[in-house]
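Each remark here refers to the structure printed beneath this line.
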């Protein structure tokens, strides 16, 4: 119908043109969703992978860090790193994750990172989220590409980021939702008139990006209300750590339990840039890790059996220097450690080749070198857990290393 | 909207056969120039594109002055008195500081402070006395955010503010990276603002030398290969080439990503800029050329040869090559047309604006004239075709309500812009914020816009005072339809019949009309709620 015909037709064609929201249109072609969920967690600021998952079996670790090295694990002593496999140990603040390790629901990929050598937080985050190291012109994020490659589904909640804006990783043409909180995801007025008014305004009019998204918005608001997502409390005895990250993980669990069709969720946590006074068993890094590990452990317990369908993947733009600096902290480095939790994981193992901390083998003689490209890990999680075809995930890249073998 | 547009006979004539003069540029493609139509729709269109949105009374003021004369005035901001805005900015002291002054006034925190606090060596109270919030570096960014919002809302030099925001975004620096936070105020004030309607090559030259850009894109650390750091904490370390600035200079500032350069050109440009650095970044923060860091060899940039030992002039020569390149003319033309005309810029207009660039050596004012004299700018398809960015949306709502704002209120509004997705001066990537609808329209952001409308119209932003009574002055509040029409006329000028119809339906709701069944005379229409609905409506998201 051209515009003139449309104009002649008047009001009746308005109804015809307004149409259903985009996600409902996609239903026609939808295959059965597998109900799998991937939760991506970004540790912004570059976490010190070497103290998060400590290579106590490598003499180079303690040697390089006179005041901030963790002490090696010792059975029966509290406030010590917890042994994983006789070589690596988990930071004591991450002790709540140990039951997962024992159940093989937690895997670590160490010396993981980007082939790009930038030590700029913002460039490295950009590259990790676009999935194209060294290329800034990439328009969409790797998680958006993952969602796009999955069969369509009749829900506005396929991809959700907790926060005020869409992270780079979810930007792209998939209608991802950015929300600050489930409770606030509504028209906030004392009575219903404002919401009804807005809804009518967006229901009318031409099919354009604003009205279309507006209709999706009210579908989403209603779906959340119907599912009563805000009322879904954490499982008995589960308490999330206070703070922004614990709150985000709690709400992602609510969305999963509310069965609103979530496929990919994104949360981030700041405060890993420990240049000064990093601390060891206690201190700055320990308190961040306590919130981080506490929230992940609560999330897993909260979801219970449902975790079989959920994988949590943590990432950070790069790691930190092997040696401590003059301020009892660490500077920007290269490789770090990433965690994978849940699903049908072959956990209880530290994956990736350990390059050793001897100076001669370090990247630029100071940093942990990357032995596993982050895209190898991300590809494996997206293809094996979500069932995304690998072809479109990381444009211009072909893996030149074997898969890690994370999944059974 | 379409129906309304088609009904405008005068405009039909304009787009149809171009009644006004058609001129042919010297050697360039023919440029059909049109005079702006004088009808209200055209005035609202001009206000929507050249300002942060019309205030009550603007339509009448431009009508009286004439669109053409008003545009000419906006193109000459120095002729417009803006004293009230300048007075409102007086509280924001950091705006007027030089870089060394800012470095002294907002010292970086004592690295041991956190430890001392945790160990109890220092009480919170002592800490606050030693290091009060108003002395902390984040204040600089906060004041800049407030200033940008305040100017967007109150400045009479609207086009200048639009262009300052445009060029800042084009030459984006991120206030959160390293020492940029101490430089960013000076960067906008000394580099961007004076040249916002000047010549594009001057903008490139000035941004290239400013410490904010030198830090943001790392050029200050870029050296010839095998340079050994002679002193300081990194003494003895081998430095080398950093391609960051060279790449972005070509990709984002001048040629565009498909502008015809190669990786080899990136290396060569990076070599040309080695030695462009910063003198004492944490005390002075001014440009310095360091010959020892510079690569003295010959370079080949886009087939232009730079002979050996060019020194500091190498960089200048590169900027000259880049800013005279036809790809740059087209890239800058495309961005301007996208800002002022449509997300998908009409190719014919891009070519004509690019021709103006080439003819005038990148004169911004001349390029804007080419756009404002184009049939594409005034075409019916262009009317309300752009989605407002969060900054544009927030500022336009405050302006539409005729609200008055001080610096603190402006800071609250800047926070609102962040909640809707655009934290000011916080764009991390060098691309800045995108200027197309796709990034700004998502479910969470739309809800945030509706909720902003509700909060603003009900007067719940501190230091942003809204006089709803004045807004509907003259309309009988016992006549809901009259109130609605008055409100729509003030807030959107010419609403679409659909928007009007939906809002009229709301008038059947007793919670909005506050009509009592037994006594209609006691009605007192809920103007705040109606205003909020208008601000959150699809139509108000467009300009």
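Protein chains in written order, with the numbering used here: chain A, 1 to 408; chain B, 1001 to 1543. Glycine included, every Cβ here is placed at the ideal spot set by N, Cα and C. Quantities reported herein were computed from a predicted structural model and do not represent experimental measurements.
Spell out whether any CB of chain A is found under 8 Å from the CB atom of residue i.
i, result
"residue 1537 of chain B", "yes"
"residue 1125 of chain B", "no"
"residue 1219 of chain B", "no"
"residue 1263 of chain B", "no"
"residue 1532 of chain B", "yes"
"residue 1278 of chain B", "no"
"residue 1499 of chain B", "yes"
"residue 1332 of chain B", "no"
"residue 1145 of chain B", "no"
"residue 1506 of chain B", "yes"
"residue 1512 of chain B", "yes"
"residue 1541 of chain B", "yes"
Does residue i come within less than 8 Å of chain B when only Cβ atoms are used?
i, result
"residue 128 of chain A", "no"
"residue 302 of chain A", "no"
"residue 35 of chain A", "no"
"residue 289 of chain A", "no"
"residue 44 of chain A", "no"
"residue 155 of chain A", "no"
"residue 96 of chain A", "no"
"residue 330 of chain A", "no"
"residue 21 of chain A", "Residue placement at residue 21 of chain A cannot be trusted, given a pLDDT of 46 that sits under 50; what the coordinates show is reported in the next sentence. So no, residue 21 of chain A is outside the interface."
"residue 115 of chain A", "no"
"residue 360 of chain A", "no"
"residue 151 of chain A", "no"
"residue 327 of chain A", "yes"
"residue 159 of chain A", "no"
"residue 177 of chain A", "yes"
"residue 220 of chain A", "yes"
"residue 197 of chain A", "yes"
Quick one: list the residues of chain B neighbouring residue i, beta-carbon separation under 7 Å, in chain order.
i, result
"residue 202 of chain A", "1538"
"residue 122 of chain A", "1174, 1177, 1428 and 1429"
Count the other CB atoms, across all protein chains shown, that sit within 10 Å of the CB of residue i; report buried if there are 16 or more and exposed otherwise.
i, result
"residue 1128 of chain B", "exposed"
"residue 1226 of chain B", "exposed"
"residue 65 of chain A", "buried"
"residue 1235 of chain B", "exposed"
"residue 1107 of chain B", "exposed"
"residue 1300 of chain B", "exposed"
"residue 246 of chain A", "buried"
"residue 41 of chain A", "buried"
"residue 358 of chain A", "exposed"
"residue 338 of chain A", "buried"
"residue 1171 of chain B", "buried"
"residue 1508 of chain B", "exposed"
"residue 1261 of chain B", "buried"
Could you tell me which chain B residues have their CB closer than 8 Å to the CB of residue i, listed as they occur along the chain?
i, result
"residue 216 of chain A", "1443"
"residue 211 of chain A", "1538"
So with CB distances below 8 Å, who are the chain A contacts of residue i?
i, result
"residue 1480 of chain B", "Neighbours of residue 1480 of chain B on chain A: none; closest Cβ ~13 Å, over 8 Å."
"residue 1071 of chain B", "Ordered by position in chain A, no residue passes the 8 Å Cβ test against residue 1071 of chain B, which lies about 28 Å from the chain."
"residue 1257 of chain B", "137"
What residues from chain B crowd round residue i, counting only those whose CB sits closer than 9 Å?
i, result
"residue 276 of chain A", "1111, 1112, 1114 and 1115"
"residue 111 of chain A", "Those do not exist, as residue 111 of chain A stays about 24 Å from chain B at its closest Cβ, beyond 9 Å."
"residue 164 of chain A", "1418, 1419, 1420, 1421, 1423, 1444, 1445 and 1448"
"residue 188 of chain A", "1447, 1450, 1451, 1454 and 1455"
"residue 185 of chain A", "1443, 1444 and 1447"
Just the chain A side, please: which residues come within less than 7 Å of residue i by C-beta, in chain order?
i, result
"residue 1502 of chain B", "200, 201 and 204"
"residue 1529 of chain B", "193 and 194"
- Task: Give, in chain order, every residue of the stretch 1166-1183 of chain B whose Cβ lies closer than 7 Å to some Cβ of chain A.
- Result: Listed by position along the chain: 1174 and 1177.
Fully enclosed by the stretch 88-150 of chain A, which alpha helix (DSSP H) runs are 4 residues long or longer?
Listed in chain order, the complete alpha helix (DSSP H) runs (minimum 4 residues) inside the stretch 88-150 of chain A are 98-102, 121-130 and 142-149.
- chain A contacts made by the stretch 1420-1445 of chain B, where a contact means CB separation under 9 Å: Taking a C-beta cut-off of 9 Å against chain A, the contacting residues of the stretch 1420-1445 of chain B are 1420, 1421, 1422, 1423, 1428, 1429, 1430, 1431, 1437, 1438, 1439, 1441, 1442, 1443, 1444 and 1445, listed in chain order.
(request) Identify each residue in the stretch 134-148 of chain A for which the Cβ-Cβ distance to at least one residue of chain B is less than 8 Å, and report them in chain order. (result) Within the stretch 134-148 of chain A, the residues whose Cβ lies closer than 8 Å to any Cβ of chain B are, in chain order, 136 and 137.
Quick check on the DSSP output: what are the complete alpha helix (DSSP H) runs of length 4 or more inside the stretch 1372-1453 of chain B, in order along the chain? For the alpha helix (DSSP H) assignment, the uninterrupted runs of no fewer than 4 residues enclosed by the stretch 1372-1453 of chain B are, from N- to C-terminal side, 1375-1378, 1390-1400, 1407-1419 and 1437-1440.
- Can you give me, in chain order, the residues of the stretch 235-264 of chain A that have a beta carbon less than 8 Å from any beta carbon in chain B? Answer in chain order: no residues at all.
task: Report the residues of the stretch 1235-1253 of chain B with a CB closer than 9 Å to any CB of chain A, ordered along the chain.
output: Cβ contacts with chain A come from 1244, 1247, 1248, 1251 and 1252.
*Could you list the residues in the stretch 1373-1391 of chain B with a C-beta less than 7 Å from some C-beta on chain A, going in chain order?*
Under the 7 Å Cβ criterion, the stretch 1373-1391 of chain B contributes 1387.
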